[in-house]
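Let me begin by presenting the structure, written as structure tokens, before commenting on it.
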Amino acid sequence: MAIGRIAVIISEIFDPLDYELLNGIHAKASSLGYDTICLTGIRDVRLSNNNHVVSDKMDNVYTLINSTKFDGIIFIAESFYSNNTEQMIFSMLRQISVPIVVIGRKQEGFNTIRSDQRSDIRRLTEHLIEQHNCRHFAFVSGFKGEFNSEERYAGFLEALADAGLDFCEEKDLYFGEFWKQPSELIGREIAAGRESLPDAIVCASDLMAIYLSEGLIASGIRVPEDIKITGYDGEWYAVLHTPSITTVSGCKFDEGQRAVTELYYYMTGTISHEADIASRLCFGTSCGCKSDLKYSSKTVNKKNWIERELLNIIDKHLTSGRYLNNDISDHVSRADTFDSLIQRIHDSAESLQGWYRISICLCSDWRFDFERPDIYRREGFSDTMQLVMDYNRYAQNVDSQSFPITHLLPMLEQDHSPVLVTISALNNGDQILGYTAFYYYDVDSINYDAQFMNWNNTAAIGFRLIQQKLYQEYKQRKNNVISTIDPATGFYNQRGFFELLAAIDKGECILWLFGLYDDNDILTDQNDYHFFSTALRLSSEKDEIIAALGNHLFAVVFKKSAISAESWKFQRLLRCMYEAERLQPLDKYSRLPCVLSISTLLDGTAEQKQLKAAEIAELAKQRLSSGDHESLKSDLLWLKIRVWLHPETDLSVEDMAQELHISPTYLHRIYKKEFGISAKEDVILARIEKAKQLLVSSGLSVNEIAEQCGYHEPSHFMRQFRDRVGMTAMGYRKHNSKHGYPFNTPQIIYNAVQINRPQKPENIV
0 MAIGRIAVII SEIFDPLDYE LLNGIHAKAS SLGYDTICLT GIRDVRLSNN NHVVSDKMDN
60 VYTLINSTKF DGIIFIAESF YSNNTEQMIF SMLRQISVPI VVIGRKQEGF NTIRSDQRSD
120 IRRLTEHLIE QHNCRHFAFV SGFKGEFNSE ERYAGFLEAL ADAGLDFCEE KDLYFGEFWK
180 QPSELIGREI AAGRESLPDA IVCASDLMAI YLSEGLIASG IRVPEDIKIT GYDGEWYAVL
240 HTPSITTVSG CKFDEGQRAV TELYYYMTGT ISHEADIASR LCFGTSCGCK SDLKYSSKTV
300 NKKNWIEREL LNIIDKHLTS GRYLNNDISD HVSRADTFDS LIQRIHDSAE SLQGWYRISI
360 CLCSDWRFDF ERPDIYRREG FSDTMQLVMD YNRYAQNVDS QSFPITHLLP MLEQDHSPVL
420 VTISALNNGD QILGYTAFYY YDVDSINYDA QFMNWNNTAA IGFRLIQQKL YQEYKQRKNN
480 VISTIDPATG FYNQRGFFEL LAAIDKGECI LWLFGLYDDN DILTDQNDYH FFSTALRLSS
540 EKDEIIAALG NHLFAVVFKK SAISAESWKF QRLLRCMYEA ERLQPLDKYS RLPCVLSIST
600 LLDGTAEQKQ LKAAEIAELA KQRLSSGDHE SLKSDLLWLK IRVWLHPETD LSVEDMAQEL
660 HISPTYLHRI YKKEFGISAK EDVILARIEK AKQLLVSSGL SVNEIAEQCG YHEPSHFMRQ
720 FRDRVGMTAM GYRKHNSKHG YPFNTPQIIY NAVQINRPQK PENIV
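All residue numbers for the sequence shown refer to numbering that gives the first Met the number 0, where the first residue is 0 and numbers rise by one.
This is the structure:
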């Protein structure tokens with residue numbers, strides 16, 4: 000039976016080394032009778048959600064260490080790429096009196112666990128000296144001054160010193176930043192600029208070893224015939240590479256076991272000896288040895304691991320026939336009651352792999368105060384939580400109930416064997432809703448992939464829509480004399496809209512009319528109406544008035560600021576389409592209806608505002624009913640929206656013209672006439688805007704941001720950024736990190752994306 004619980008704080012569970020480390024932790028913790036509770040923000044901030052609001056709120060899950068009973072905490076600090084998040088967690092840990100061990104970072108006042116990296120690299124270097132008679136070495140480190148880099152470099156130097164070999168740092172020490180492009184460039188540099196090649200190159204990670212070899216081989220250097228290479232970490236892809244990389248495996252499993260052993264001593268005063276799980280050398284062909292293909296001391300071999308991953312992919316493919324991501328979003332968004340939402344969330348969870356039990360816990364104030372809708376929970380969790388869903392595939396479920404946050408999960412208060420649970424935040428924008436808990440039989444079953452993130456996000460959107468529905472019902476009940484709400488959308492109807500407009504007797508405001516044409520060519524139906532009304536609702540701001548005026552026409556009124564009506568119209572439409580993409584991804588093949596988009600300034604008295612709005616709305620309805628529209632203008636609008644939503648896409652003027660079946664010259668003329676800017680310049684500005692946001696809200700390097708924004712060459716990006724912003728990218732990052740980010744253009748938060756782009760040197764904007 001479980002005698003306690005250990006919290007594991009980890010940024011993400013994605014890389015095989017994450018799994019190896021957690022396997023070591025859970026194996027040892029369960030053998031001692033402790034539950035393993037993984038608190039994770041789901042995403043890696045380098046590659047995924049660079050929306051700073053969403054990222055911060057996903058990190059809210061770590062505040063559970065302040066309010067929940069844990070017997071001990073393991074903080075995997077090295078998994079965090081955001082220094083702000085890491086320091087926030089250290090600050091919280093200092094305020095609690097619970098035994099703590101830290102993995103991968105040295106921090107004053109905390110006990111740190113690290114694998115014996117120095118000895119591992121030393122053994123690798125000795126192997127090259129003794130077995131392959133290597134005498135001239137180079138070393139590829141990670142970062143200068145970084146602890147792991149320095150430890151591995153020290154082990155390398157010790158091996159050379161024992162063998163009586165000299166090493167010239169000025170010529171033979173390189174820094175690959177633990178990443179792909181720098182390491183590949185080092186390989187090309189060594190091949191091109193050296194008269195005497197080293198016998199061997201020792202790398203501080205497998206990833207750097209792989210891309211170093213790619214750079215060497217591309218430059219005509221053979222591995223291992225001309226240069227021998229070794230890595231570190233025991234990554235699975237080290238075996239798949241040709242040549243397979245000689246490396247060290249088992250380090251993370253050993254590290255996890257030792258972390259629990261030390262934590263157990265701090266918790267109980269008892270020494271528990273871990274099993275002999277020392278790291279071992281894994282010989283690939285990159286050093287000249289025959290590959291032994293063994294993955295780690297915990298796994299039989301890498302072939303078995305790869306076969307298991309392929310089976311998971313096949314299983315997902317078969318399951319996706321019933322649970323496509325778009326289907327999940329649509330299925331959940333159509334829930335009309337809280338109970339039906341819970342059932343739909345449960346149904347869609349069947350598309351996820353590996354789990355045997357799910358619990359969803361909401362804060363007691365998740366609905367917020369309908370009298371004060373702008374006041375809601377933005378951090379932490381409520382003292383009392385509500386278990387709203389508990390589903391166990393193989394045993395009896397726990398009934399919905401309220402419970403104190405200190406219990407974390409009602410099931411953990413019952414007698415049970417040690418369990419493995421992952422907990423992630425459930426939030427709607429910057430509102431904290433609660434958290435989700437997934438139970439697994441083993442670490443290898445954890446599957447925090449894109450489908451899981453889509454499910455988690457969709458569940459949050461579902462609760463948000465129920466919030467809005469409950470809120471609209473509340474407002475409708477208050478208006479018990481004359482209904483001013485459109486029942487199909489929850490927006491104000493025409494009467495309610497003009498009554499509210501009459502109350503705006505001071506100041507100017509902007510009116511935006513957004514409508515869907517209903518003609519025989521584009522069959523606009525109630526699904527389109529439902530879809531766009533949902534997107535309008537999700538993208539709304541608290542100062543807006545939104546109304547459904549009939550005839551597929553929506554009206555939005557916003558108090559005028561410094562921005563022009565025309566600019567605000569495009570920003571508002573862009574926000575709407577950003578939310579539409581969260582519901583259902585749109586691309587150039589999506590069927591998009593022709594739309595009417597009109598904006599104007601309303602000024603004067605309240606009566607004058609009403610009259611002007613009524614006149615323009617009537618004209619808009621007539622145009623929608625008559626089908627009087629220009630399809631090319633509508634196509635241009637969708638094209639511009641796609642450019643701003645996905646500026647990283649390779650999209651030349653020729654590509655755009657081909658999509659619209661017109662010539663590039665004609666496209667250039669009509670695009671500039673319609674939007675006041677050329678298509679080529681619009682793409683550049685969209686890319687620069689995304690780059691500005693990523694510079695401030697992410698830890699990505701300038702080269703990585705250039706790639707995220709669609710540039711094949713960083714120098715091209717840097718030149719265009721400086722020309723249009725007036726400063727370098729690094730200068731912009733430093734300035735705005737101090738003063739805050741100025742959102743001047745379309746206010747959407749771009750996500751970093753995984754770029755798998757073929758080389759395309761020609762026709763690039």
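We put the beta carbon where it would ideally sit given N, CA and C, even for glycine. Model, not experiment: these values are computed from the prediction.
Using the three-state DSSP reduction, which class does residue 218 fall into: helix, strand or coil?
coil
Separation of residue 68 from residue 1, as counted between CA atoms
14 Å
Beta carbon of residue 139 nearer than 7 Å to that of residue 202:
yes
Cβ of residue 230 within 7 Å of Cβ of residue 208?
yes
Inter-stretch contact (C-beta, 8 Å, three-pair minimum) for the segment 101-119 and the segment 248-266:
yes
Burial state of residue 186, where buried means 16 or more other Cβ atoms lie within 10 Å:
buried
How would you write the range of the alpha helix (DSSP H) that residue 90 sits in, first residue to last?
82-93
Pick from 164, 160, 204 that is closest to residue 147, judged by C-alpha positions:
204
Does DSSP classify residue 457 as helix, strand or coil?
helix
How is residue 279 classed by DSSP in three states: helix, strand or coil?
strand
Between the alpha carbons of residue 439 and residue 102, how many angstroms are there, rounded?
23 Å
Which complete beta strand (DSSP E) runs does the segment 483-553 hold, if anything under 3 residues is left out?
508-515, 544-549
Below 7 Å between beta carbons: does that hold for residue 145 and residue 117?
no
Could you pull the DSSP bridge partners for residue 386 from this structure?
360, 400
Pull up the DSSP beta-bridge partners for residue 173, would you.
139
Run through the segment 555-617 for me and flag every whole alpha helix (DSSP H) of 4 or more residues, listed as ranges in chain order.
564-582
I need the DSSP call for residue 380, collapsed to helix, strand or coil.
coil
Neighbourhood of residue 434 by C-beta distance below 7 Å, restricted to the same chain and skipping five residues each side
60, 360, 422, 423, 424, 425
To the nearest angstrom, how far is it from the Cα of residue 75 to the Cα of residue 417?
21 Å
Ignore the nearest five residues each way along the sequence and tell me which others in residue 180's own chain have a CB closer than 8 Å to its CB.
210, 702
Using 8 Å as the cut-off, can you tell me whether the segment 446-461 makes contact with the segment 335-344, which would need three or more C-beta pairs spanning the two stretches below that distance?
yes
So what's residue 352 in DSSP terms, helix, strand or just coil?
coil
Hey, could you find the ends of the alpha helix (DSSP H) residue 184 is sitting in?
179-192
Determine the contact status of residue 252 and residue 22, defining contact as a CB-CB distance below 7 Å.
yes
For residue 77, which residues in the same chain have their Cβ closer than 8 Å to its Cβ, ignoring the five residues on either side in sequence?
102, 103, 104, 147
Taking residue 329 and residue 692 to be in contact with their CB atoms under 8 Å, please state how far apart those CB atoms are, rounded to whole angstroms.
Not quite, the Cβ-Cβ distance comes to about 29 Å (not below 8 Å), so this is no contact.
In the DSSP assignment, the alpha helix (DSSP H) including residue 263 goes from what residue to what residue?
250-267
From residue 614 to residue 625, what distance separates their C-alpha atoms?
17 Å
Please go through the same chain and pick out, in chain order, the residues whose beta-carbon is closer than 8 Å to the beta-carbon of residue 444, but skip the five residues on each side of it.
352, 353, 354
With a threshold of 8 Å, are at least 3 pairs of Cβ atoms found where one atom belongs to the segment 230-245 and the other to the segment 157-172?
no
Selection from 452, 684, 483, 178 that minimises the alpha carbon distance to residue 350:
452
Around the Cβ of residue 657, are there at least 16 other Cβ atoms within 10 angstroms (buried) or fewer (exposed)?
exposed
Excluding sequence positions up to five away, which residues of its chain have a Cβ less than 6 Å from the Cβ of residue 490?
545, 546, 547
Would you say the segment 361-372 touches the segment 332-340, given that touching needs at least three Cβ pairs under 8 Å?
no
Quick one: Cα of residue 707 to Cα of residue 729, how far?
16 Å
If you compare alpha carbons, which of 174, 97, 244 is closest to residue 288?
244
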